[in-house]
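As you go down the protein sequences, you meet chains A and H in turn.
Numbering-wise (the UniProt record's numbering), the first sequence opens with residue 1 and increments by one.
Numbering-wise (the UniProt record's numbering), the second sequence opens with residue 1 and increments by one.
Notes follow the structure.
There are 2 protein chains.
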Amino acid sequence: MILDAARAQFSERGYEKASVRSIAKAAGVDSALVHHYFGTKEQVFAAAVEVAFAPAFQAPGAVEAGPPEELGERLTRFILGVWENPETRAPLLAIVRSAVNNETAAAVFRDLVTGQVLSRIARGLDLPDAELRAGLAAAQLVGTAMLRYVIKVEPLASVDLEQIVARVAPVVQGHLTADRTRTGRPGTADQAR
Amino acid sequence: MILDAARAQFSERGYEKASVRSIAKAAGVDSALVHHYFGTKEQVFAAAVEVAFAPAFQAPGAVEAGPPEELGERLTRFILGVWENPETRAPLLAIVRSAVNNETAAAVFRDLVTGQVLSRIARGLDLPDAELRAGLAAAQLVGTAMLRYVIKVEPLASVDLEQIVARVAPVVQGHLTADRTRTGRPGTADQAR
């Protein structure tokens, strides 16, 4: 399938060196066919990324289902679950690599994360600073994934997943829903800065 | 200077494509000289990374100086400050790219972060889980930097730095020093999960 070949090419060669031609060759089809169905390299990349994560992103369990006070834990389990699973980790790592190395790939990744994850979370929050809250919650999760699965800093890389969830989920929840009108300090309601 | 040439090569060509030879050529010296002073490509990379950040990492203000209850804010300002400054952002981005793309570069980066930052923080905490706390605090900062400066997710990318510090510093502080014996929830002392 063309998008499987595309993902493999982006993963092996990186965004910059992969081409519509090399993807077509790997898929055993003509370049014209890839252009016809997907368009430019950027569009092939966006399609490959979306197909890789659409099933996971569209699962309602990740965001919408369940009580709002457990949103932090659901999101934490969802994001770290994608990284724990070797089948989804490999394509995700390929995407992160492309996004860190190339501005165009970064833009595709940014649009996907914003459109499929952050704005869904923000919509559910119904707060004026919802997008910023969603971004900072995502930052805790992205950084945890980077240090645990990519850079492999110890003891974060080896510790049991439940220990991570127990410490990260409340922080994610705090970013998303903590009352910020009384204090500058998310996660506490009794301590002014 | 050899290490400036090395940083430029790693930055432009990436870790895998840069070589001791290309670094020597860019510095206008013989490869043998580079080998003599620094050793292998991995060792040249480690030296270039260390030289780029040693002055910042060794500034006591980042970690040790000041009251422990303000450690979260000091660290947040220090790490985000390195990213805000275009002069330190470029080499840091080059290192992050190399570390995300290559296992050897990841190991060099991991050792530097662990040795120069995380273990210094952990030593100051004097808690049995100090390393894990330092890792999760770093995760919030690494993720914030990735989304703000590399992937450029809005509104996180454009919002005033002080808004970020006001929300991130208490979370970093919570990871580092919150009492975890009473509840599973860092940053609160009155709410069991």
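The C-beta atom is built at its ideal place from N, Cα and C for all residues, glycine as well.
Per-residue DSSP class, three states only, for residue i
| i | result |
| --- | --- |
| Ala107/H | helix |
| Ala5/A | helix |
| Asn102/A | coil |
| Lys152/H | coil |
| Pro170/A | helix |
| Ser22/A | helix |
| Ser158/A | coil |
| Arg120/H | helix |
| Val29/A | coil |
| Pro91/H | helix |
| Thr181/H | coil |
| Gly39/H | coil |
| Arg128/H | Note that residue 128/H corresponds to Pro in the displayed sequence, not to Arg. Three-state DSSP puts Pro128/H in coil, outside helix and strand. |
| Pro86/H | helix |
| Gly14/H | helix |
| Pro186/H | No answer about Pro186/H holds up, because its pLDDT of 48 lies below 50 and its placement is not dependable. |
| Pro68/H | helix |
Own chain, CB closer than 6 Å to residue i, minus 5 neighbours either side, in chain order
| i | result |
| --- | --- |
| Ala48/A | Leu3, Ala6, Arg7 |
| Ala137/A | Val172, His175, Leu176 |
| Pro91/H | Arg7, Ala52 |
| Asn102/A | Tyr15, Glu16 |
8 Å Cβ shell around residue i - same chain, five flanking residues per side excluded
| i | result |
| --- | --- |
| Val165/H | Glu73, Thr76, Arg77, Leu80 |
| Tyr37/H | Ile2 |
| Ala65/A | Arg74 |
| Leu33/H | Ile2, Ala24 |
Candidates the options, of which the one nearest residue i by Cα
| i | options | result |
| --- | --- | --- |
| Leu71/H | Pro170/H, Asp179/H, Leu112/H | Pro170/H |
| Thr144/H | Lys17/A, Gln140/A, Val51/A | Gln140/A |
| Thr88/A | Ala122/A, Arg110/A, Phe53/A | Phe53/A |
| Pro155/H | Ala26/A, Leu93/A, Ala122/A | Ala122/A |
| Gln110/A | Val153/H, Phe38/H, Met146/H | Here residue 110/A is Arg; the residue named in the question, Gln, does not match the sequence. Closest by alpha carbon: Val153/H. |
| Glu16/A | Ala26/A, Leu118/A, His35/A, Phe45/A | Phe45/A |
| Arg148/H | Arg148/A, Val142/A, Leu147/A | Val142/A |
| Glu50/H | Asn85/H, Glu12/H, Gln116/H | Gln116/H |
| Thr114/H | Ile151/A, Pro67/A, Thr40/A, Ser98/A | Ile151/A |
| Glu162/H | Pro91/H, Asn102/H, Arg21/H, Glu84/H | Glu84/H |
| Asp126/H | Ala27/H, Leu33/H, Glu12/H, Pro68/H | Pro68/H |
| Gly39/A | Gly28/A, Arg21/A, Ala26/A | Arg21/A |
| Glu12/A | Ser98/A, Gly124/A, Ala178/A, Arg120/A | Ser98/A |
Beta-carbon spacing of residue i, residue j below 8 Å
| i | j | result |
| --- | --- | --- |
| Val82/A | Val100/H | no |
| Ala107/A | Phe10/A | no |
| Leu132/A | Val159/H | yes |
Any chain A beta carbon closer than 8 Å to residue i
| i | result |
| --- | --- |
| Ala46/H | no |
| Gly9/H | According to the sequence as given, residue 9/H is Gln; it is not Gly. With 8 Å as the cut-off, Gln9/H does not count as an interface residue toward chain A. |
| Ala122/H | no |
| Asn101/H | yes |
| Thr144/H | yes |
| Pro155/H | yes |
| Val82/H | no |
| Leu71/H | no |
| Val113/H | yes |
| Ala5/H | no |
| Ala52/H | no |
| Ile79/H | no |
| Ala27/H | no |
| Gly135/H | yes |
| Gly174/H | yes |
Own chain, CB closer than 7 Å to residue i, minus 5 neighbours either side, in chain order
| i | result |
| --- | --- |
| Asp30/A | Ala24 |
| Gly135/A | Leu118 |
| Leu112/H | Val49, Glu50 |
| Glu42/H | Thr104, Val108 |
| Ala157/H | Arg148 |
| Ser19/H | Lys41 |
Any chain H beta carbon closer than 8 Å to residue i
| i | result |
| --- | --- |
| Arg13/A | no |
| Ala139/A | yes |
| Lys41/A | no |
| Phe109/A | yes |
| Glu162/A | no |
| Val49/A | no |
| Arg89/A | no |
Residue i at chain C interface by Cβ criterion, 8 Å
| i | result |
| --- | --- |
| Ala18/A | The chain inventory of the structure shown lacks chain C, comprising the protein chains A and H. |
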